[in-house]
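Structure first, commentary second.
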Amino acid sequence: SEGPFAPTNLTFKGVTVSLGPRVVFMPSFATSYEDLLKRVKGALQITSRSFLILEGDVRLEGPLELDGSLVLRASEGHKLVVKRLSVVNRGWEMKEVVEGDVDAAHPAVALRGFHIVKHDQRVIEARDEDKVISE
(Lines of atoms letter the chains of each structure in order from A and count residues from 1; the text may use other names and numbers.)
(Lines give C-alpha, C1' and ligand atoms only; values in the text may rest on other atoms or scores of the structure.)
Protein backbone atom coordinates (compact mmCIF):
# COMPACT_ATOMS: atom_id res chain seq x y z
CA SER A 1 0.00 0.00 0.00
CA GLU A 2 1.06 3.58 -0.61
CA GLY A 3 0.75 6.84 1.28
CA PRO A 4 2.00 8.36 4.53
CA PHE A 5 0.78 5.48 6.68
CA ALA A 6 2.34 2.68 4.60
CA PRO A 7 5.54 1.13 6.04
CA THR A 8 8.80 2.70 4.89
CA ASN A 9 11.63 0.50 3.58
CA LEU A 10 15.05 1.51 4.91
CA THR A 11 18.42 -0.20 4.43
CA PHE A 12 21.16 -0.32 7.05
CA LYS A 13 24.37 -2.31 6.62
CA GLY A 14 22.86 -4.10 3.64
CA VAL A 15 19.72 -5.19 5.49
CA THR A 16 16.39 -3.75 4.33
CA VAL A 17 13.69 -3.36 6.96
CA SER A 18 10.07 -2.30 6.62
CA LEU A 19 9.24 0.22 9.36
CA GLY A 20 6.07 1.85 10.56
CA PRO A 21 5.97 4.66 13.12
CA ARG A 22 8.56 4.49 15.91
CA VAL A 23 6.69 4.65 19.22
CA VAL A 24 8.65 4.44 22.48
CA PHE A 25 6.90 3.69 25.76
CA MET A 26 9.25 4.60 28.60
CA PRO A 27 8.82 2.35 31.67
CA SER A 28 7.33 5.31 33.57
CA PHE A 29 4.54 5.40 30.94
CA ALA A 30 3.59 1.73 30.65
CA THR A 31 5.16 -1.61 31.53
CA SER A 32 2.24 -3.84 30.55
CA TYR A 33 -0.57 -4.08 28.05
CA GLU A 34 -3.02 -3.25 30.84
CA ASP A 35 -1.09 -0.02 31.59
CA LEU A 36 -1.21 0.86 27.91
CA LEU A 37 -4.98 0.36 27.71
CA LYS A 38 -5.49 2.62 30.73
CA ARG A 39 -3.43 5.44 29.22
CA VAL A 40 -4.43 5.33 25.54
CA LYS A 41 -8.16 5.88 24.96
CA GLY A 42 -8.18 8.20 21.94
CA ALA A 43 -7.70 7.48 18.25
CA LEU A 44 -4.09 7.65 17.05
CA GLN A 45 -3.16 8.59 13.50
CA ILE A 46 0.62 8.38 13.13
CA THR A 47 2.47 8.42 9.80
CA SER A 48 5.12 5.80 9.16
CA ARG A 49 7.97 8.36 9.29
CA SER A 50 6.96 9.57 12.75
CA PHE A 51 8.55 9.19 16.18
CA LEU A 52 6.44 9.33 19.36
CA ILE A 53 8.04 9.19 22.81
CA LEU A 54 5.74 8.75 25.84
CA GLU A 55 7.16 9.22 29.33
CA GLY A 56 5.51 9.47 32.75
CA ASP A 57 1.82 9.84 33.57
CA VAL A 58 0.67 10.75 30.05
CA ARG A 59 -2.97 10.07 29.06
CA LEU A 60 -4.11 10.08 25.44
CA GLU A 61 -7.85 10.67 25.83
CA GLY A 62 -8.69 12.19 22.45
CA PRO A 63 -7.48 12.10 18.87
CA LEU A 64 -3.74 12.44 18.24
CA GLU A 65 -2.51 13.10 14.70
CA LEU A 66 1.25 12.99 14.20
CA ASP A 67 3.41 13.53 11.13
CA GLY A 68 6.90 14.14 12.51
CA SER A 69 8.33 13.83 16.02
CA LEU A 70 6.59 14.35 19.34
CA VAL A 71 7.76 13.87 22.92
CA LEU A 72 5.07 13.80 25.62
CA ARG A 73 6.56 13.83 29.12
CA ALA A 74 5.11 14.17 32.62
CA SER A 75 7.46 14.60 35.57
CA GLU A 76 6.94 12.38 38.59
CA GLY A 77 3.83 13.42 40.52
CA HIS A 78 2.32 15.28 37.54
CA LYS A 79 -0.07 14.32 34.75
CA LEU A 80 -0.21 15.28 31.09
CA VAL A 81 -3.62 14.71 29.45
CA VAL A 82 -4.02 15.03 25.68
CA LYS A 83 -7.64 15.71 24.72
CA ARG A 84 -6.86 16.62 21.09
CA LEU A 85 -3.56 17.28 19.33
CA SER A 86 -2.25 17.56 15.78
CA VAL A 87 1.50 17.86 15.18
CA VAL A 88 3.32 18.23 11.85
CA ASN A 89 7.06 18.93 11.70
CA ARG A 90 10.25 17.80 9.89
CA GLY A 91 10.76 15.19 12.59
CA TRP A 92 13.64 12.81 13.06
CA GLU A 93 15.36 10.67 10.46
CA MET A 94 17.10 7.31 10.71
CA LYS A 95 20.26 7.69 8.61
CA GLU A 96 22.66 4.95 7.67
CA VAL A 97 26.08 5.33 9.24
CA VAL A 98 28.85 5.52 6.69
CA GLU A 99 32.55 5.23 7.29
CA GLY A 100 33.94 8.54 8.51
CA ASP A 101 30.75 9.63 10.34
CA VAL A 102 31.50 10.98 13.80
CA ASP A 103 28.84 8.65 15.27
CA ALA A 104 30.40 5.59 13.61
CA ALA A 105 33.02 5.46 16.38
CA HIS A 106 30.37 4.65 19.01
CA PRO A 107 30.05 0.83 19.24
CA ALA A 108 26.22 0.77 19.53
CA VAL A 109 25.82 3.02 16.48
CA ALA A 110 28.35 1.01 14.47
CA LEU A 111 26.56 -2.23 15.38
CA ARG A 112 23.03 -1.15 14.43
CA GLY A 113 24.20 0.74 11.34
CA PHE A 114 22.14 3.91 11.76
CA HIS A 115 21.85 7.02 13.85
CA ILE A 116 18.97 9.40 14.49
CA VAL A 117 19.16 12.88 12.99
CA LYS A 118 16.83 15.21 14.89
CA HIS A 119 15.70 17.86 12.40
CA ASP A 120 12.67 19.09 14.36
CA GLN A 121 10.43 17.95 17.20
CA ARG A 122 7.66 19.12 19.47
CA VAL A 123 8.10 18.53 23.19
CA ILE A 124 5.18 18.93 25.59
CA GLU A 125 5.98 18.54 29.28
CA ALA A 126 4.09 18.67 32.55
CA ARG A 127 6.99 19.59 34.84
CA ASP A 128 5.68 21.76 37.65
CA GLU A 129 1.94 21.15 37.34
CA ASP A 130 -0.64 18.94 35.67
CA LYS A 131 -1.35 19.94 32.08
CA VAL A 132 -4.27 19.37 29.67
CA ILE A 133 -3.68 19.80 25.93
CA SER A 134 -6.52 20.47 23.49
CA GLU A 135 -5.48 22.07 20.20
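Using our numbering, the first residue of the sequence shown is number 7, and each one after it goes up by one. Each residue gets a CB set at the ideal place from its N, CA and C atoms; glycine is no exception. Remember, it's a predicted structure, so these values are computed and weren't measured experimentally.
Nearest-angstrom Cα distance between residue i and residue j?
| i | j | result |
| --- | --- | --- |
| phenylalanine 11 | aspartate 73 | 10 Å |
| serine 75 | tryptophan 98 | 6 Å |
| leucine 50 | threonine 17 | 27 Å |
| proline 113 | valine 103 | 12 Å |
| valine 123 | arginine 96 | 11 Å |
| arginine 55 | leucine 66 | 20 Å |
| isoleucine 130 | leucine 86 | 9 Å |
| arginine 79 | valine 94 | 18 Å |
| aspartate 136 | histidine 84 | 5 Å |
| valine 21 | arginine 118 | 10 Å |
Can you tell me whether DSSP reads residue i as helix, strand or coil?
| i | result |
| --- | --- |
| alanine 12 | coil |
| aspartate 126 | coil |
| serine 28 | Looking at the sequence shown, residue 28 is not serine but arginine. Strand. |
| phenylalanine 18 | strand |
| serine 140 | strand |
| glutamate 135 | coil |
Along the chain, where does the alpha helix (DSSP H) that runs through residue i open and close?
| i | result |
| --- | --- |
| lysine 44 | 39-45 |
Next on the checklist: My parser needs the beta strand (DSSP E) runs of 3 or more residues fully inside the stretch 53-121; what are they?
Outcome noted: 57-61, 63-66, 70-73, 75-80, 85-94 and 98-102
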